[in-house]
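Chemist: Everything in the sequence shown is counted per numbering that gives the first Met the number 0, starting at 0 for the first residue and increasing by one. Dumping the structure here so I can ask a few things about it.
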Amino acid sequence: MNRNDSAVISPEIFSTHDAVLVLEDGNVYVGRPYGAQGVTTGEIVFSTAMTGYQETLTDPSYAHQIVVQTFPHIGNTGVNDEDLESQKIWVAGYVVRDPATQISNWRAKRTLDEDLNAQNIVGIADIDTRQLVRHLRSAGVMRAGIFSGEALVDESGRLKRIDDLLDVVQNSEFMAGANLSEEVSTNESYVVEPQGEYEGKDPLYTVVSIDLGVKAMSPYRMAERGCRVHVLPAGTTWEEITALHPDGVFFSNGPGDPATADFEVNQIRQVLDAKIPFFGICFGNQLLGRALGFGTYKLKFGHRGVNQPVQDLTTGKVEVTAHNHGFAVDAPKGDPVPSPYGDGHFGRVQVSHVDLNDDVVEGLQCLDIPAFSVQYHPEAAAGPHDAAYLFDRFIDQMREAKEAR
């Protein structure tokens, strides 16, 4: 039987040479090991990106998630040392259909399989990822596990039963309720100095970036616009932030449930009260939503990939954007509303961006204080550059605030 012809396979048809993917709902997929062998569990999600697998793997927002690539051919360009979004691979596991057997790119230093092995990332290949994604699109994302090698064998040397593997999956952690910011954040602060045409010059603005799982390209996008960016760990105090006299504060992307991030929400309220320009992306957008008094909720299967159409309601412009989020802000679309927190304490707020596929809130704009956020990844790593103007918008806010002093 060709495994790709029938993705859900009878539990008896596997051996110690195989890899087995078990979903929380009992669906089983058998393929071959890819990357390291062993066992891993996490929330299984899918990315629709055709390119940028290296940026996906090293995005801290994928911590505790098993990523399925919908594009069948993965690994063709190998791995280089320039496109990393952090210092390690963060995905909990990796699912692909047809990994490349040879790499062809002048920047490649090693194969993707070598990187997965070196960082102990358990994966599975040669399954029908199209069928798997169709299932997740209807059933929703769920917990899953990948098992291979010794993880398929019990203490007596016999193959484990599927029920044994399913027990491992069903006893693993949920993403809802997970607080992961400190796990993925930098341990020590660091500075990104002005880049490009501003390199070697005095900074135009000082930005404090709170690292909740930041991608390397985000502070770079601000640095190439003349900013000195202080990247600070999650848990940094308000006193430590203000000691740097920032012209603006940035809250990054990151994994986990925004409902657990009370410390960061209170921190944003202090930024807003101080009238310091604020910009948040992804997790930072959800936290701004909570700070303003809106709720958040978990999406059925989330948005992941580099081809999500979003409309900027403030301009009418439609842009193709990079996404990686499983939670969203619950805010009313249409006319501006008073911020729910403190009966309008932060003035008027409007939904600034919406996803054109499912109408999910993709951005917030405060009208009476200098603060805004978007749910997607405008740093474009990997992805289109349609949303680069948002960094210019942040620069404009800092300039206006500075001129008003």
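Glycine included, each C-beta is placed from N, C-alpha and C at the ideal position.
(1) Tell whether a beta-carbon distance below 7 angstroms holds between residue 332 and residue 175.
(2) For residue 98, write down the residues that DSSP places opposite it in a beta bridge.
(3) Excluding the 5 residues preceding and the 5 following residue 79 in the sequence, name in chain order all residues of the same chain whose CB lies nearer than 8 angstroms to its CB.
(4) Specify the secondary structure class of residue 376 as computed by DSSP and reduced to three states.
(5) Would you list the residues sitting across from residue 295 in a DSSP beta bridge?
(6) Is residue 19 helix, strand or coil by DSSP?
(7) From the DSSP output, in three-state form, read off residue 36 for me.
(8) By how many angstroms is the C-alpha of residue 122 removed from the C-alpha of residue 328?
(9) How long is the line joining the alpha carbons of residue 90 and residue 268, rounded to whole angstroms?
(10) For a test of the three-state rule: what should DSSP assign to residue 221, helix, strand or coil?
(11) Give every residue of the same chain whose Cβ lies closer than 7 angstroms to the Cβ of residue 233, excluding the five residues on either side of it in the sequence, and list them in chain order.
(12) Out of 230, 113, 249, 81, state which residue places its alpha-carbon closest to the alpha-carbon of residue 371.
(13) Buried or exposed: where does residue 366 fall if 16 or more other Cβ atoms within 10 Å of its Cβ makes it buried?
(14) Can you tell me which residues form a DSSP beta bridge with residue 307?
(15) Could you tell me whether the Cβ atoms of residue 215 and residue 116 are closer together than 7 angstroms?
(16) How would you call residue 361, buried or exposed, if buried means at least 16 neighbouring beta carbons within 10 angstroms?
(17) Considering only C-alpha positions, which residue in the set 375, 119, 273 is nearest to residue 363?
(18) Could you please give the first and the last residue of the uninterrupted beta strand (DSSP E) stretch that includes residue 189?
(19) How many angstroms separate the CA atom of residue 201 from the CA atom of residue 193?
(20) On the three-state DSSP scale, how would you describe residue 29?
(21) Considering only C-alpha positions, which residue in the set 318, 226, 160, 263 is nearest to residue 203?
(22) Does the segment 309-321 come close enough to the segment 275-289 that 3 or more CB-CB pairs lie under 8 angstroms?
(23) Taking just the CA atoms, how far does residue 224 sit from residue 399?
(24) Any idea what DSSP makes of residue 173, helix, strand or coil?
(25) Considering residue 134, what are the terminal residues of the alpha helix (DSSP H) in which it resides?
(26) Taking Cβ to Cβ, would you say residue 355 is nearer than 7 angstroms to residue 310?
(27) Put residue 401 into one of helix, strand or coil per three-state DSSP.
(28) Among residues of its own chain, excluding the 5 on either side of residue 312, which ones have a beta-carbon nearer than 7 angstroms to its beta-carbon?
(29) With DSSP run on the structure shown, which of helix, strand or coil describes residue 42?
(30) Checking the sheet assignment: what are the DSSP bridge partners for residue 210?
(31) Please return the same chain residues whose Cβ sits closer than 7 angstroms to the Cβ of residue 389, not counting the five positions on each side in sequence.
(32) For residue 14, count the other beta carbons within 10 Å of its own beta carbon; 16 or more makes it buried, fewer makes it exposed. Which is it?
(33) Let me make sure I understand the geometry here. Which of 22, 28, 23 has the alpha-carbon closest to that of residue 12?
(34) Are the segment 238-258 and the segment 148-161 touching by the rule of at least three beta carbon pairs closer than 8 angstroms?
(35) Can you find the residues in the same chain that come closer than 6 angstroms, C-beta to C-beta, to residue 172, ignoring five residues on each side of it along the sequence?
(36) For residue 82, which of helix, strand or coil comes out of DSSP?
Modeler: Judging by the given coordinates:
(1) By the CB criterion at 7 angstroms, residue 332 and residue 175 fall outside the cutoff.
(2) 73, per the DSSP bridge assignment.
(3) So the qualifying residues of the chain are 53, 104, 106, 107, 108.
(4) In the structure shown, residue 376 sits in coil (DSSP, three-state: anything other than H, G, I, E or B).
(5) Paired residue(s): 328.
(6) DSSP, reduced to helix, strand and coil, places residue 19 within a strand of the structure shown.
(7) Coil, per DSSP.
(8) Taking the straight line from one Cα to the other gives about 32 angstroms.
(9) Those two C-alpha atoms are separated by around 31 angstroms.
(10) Helix at residue 221.
(11) By the criterion of a C-beta distance shorter than 7 angstroms, residue 233 is surrounded in its chain by 180, 181, 184, 209, 210, 211, once the five residues flanking it on both sides are discounted.
(12) Cα-wise, what sits closest to residue 371 is 249.
(13) By the Cβ neighbour-count rule, residue 366 is exposed, with fewer than 16 other Cβ atoms within 10 Å of its own.
(14) 320.
(15) Going by C-beta atoms, residue 215 is not nearer than 7 angstroms to residue 116.
(16) With 16 or more other Cβ atoms from the protein chains shown falling within 10 Å of its own Cβ, residue 361 counts as buried.
(17) Taking residue 363 as reference, the option from 375, 119, 273 with the minimal CA-CA separation is 375.
(18) Unbroken beta strand (DSSP E) run through residue 189: 189-191.
(19) Each residue's alpha carbon lies about 8 angstroms from the other.
(20) The answer is strand: DSSP assigns residue 29 an E or B state.
(21) Ranking 318, 226, 160, 263 by Cα distance to residue 203 puts 226 first.
(22) Below 8 angstroms, too few C-beta pairs join the segment 275-289 and the segment 309-321 to call them touching: fewer than three.
(23) A straight-line Cα-Cα distance of about 15 angstroms links residue 399 and residue 224.
(24) If DSSP states are grouped into helix, strand and coil, residue 173 belongs with coil.
(25) Segment 128-138, the alpha helix (DSSP H) holding residue 134.
(26) Yes, they are a contact pair.
(27) Note: residue 401 maps to helix in three-state DSSP.
(28) Excluding residues up to 5 positions away in sequence, 350, 351, 352, 353 lie with their Cβ nearer than 7 angstroms to the Cβ of residue 312 in the same chain.
(29) Reduced to three states, the DSSP call for residue 42 is strand.
(30) In the DSSP secondary-structure assignment, residue 210 is bridged to 232.
(31) So the qualifying residues of the chain are 373, 377.
(32) Residue environment for residue 14: exposed (fewer than 16 other C-beta atoms within 10 angstroms of its C-beta).
(33) Of the candidates 22, 28, 23, the residue whose Cα lies closest to the Cα of residue 12 is 28.
(34) As far as the Cβ criterion goes, the segment 238-258 does not touch the segment 148-161, which means the pair count is below three.
(35) Within the same chain, residue 172 has no close Cβ partners at all.
(36) Three-state result, residue 82: coil.
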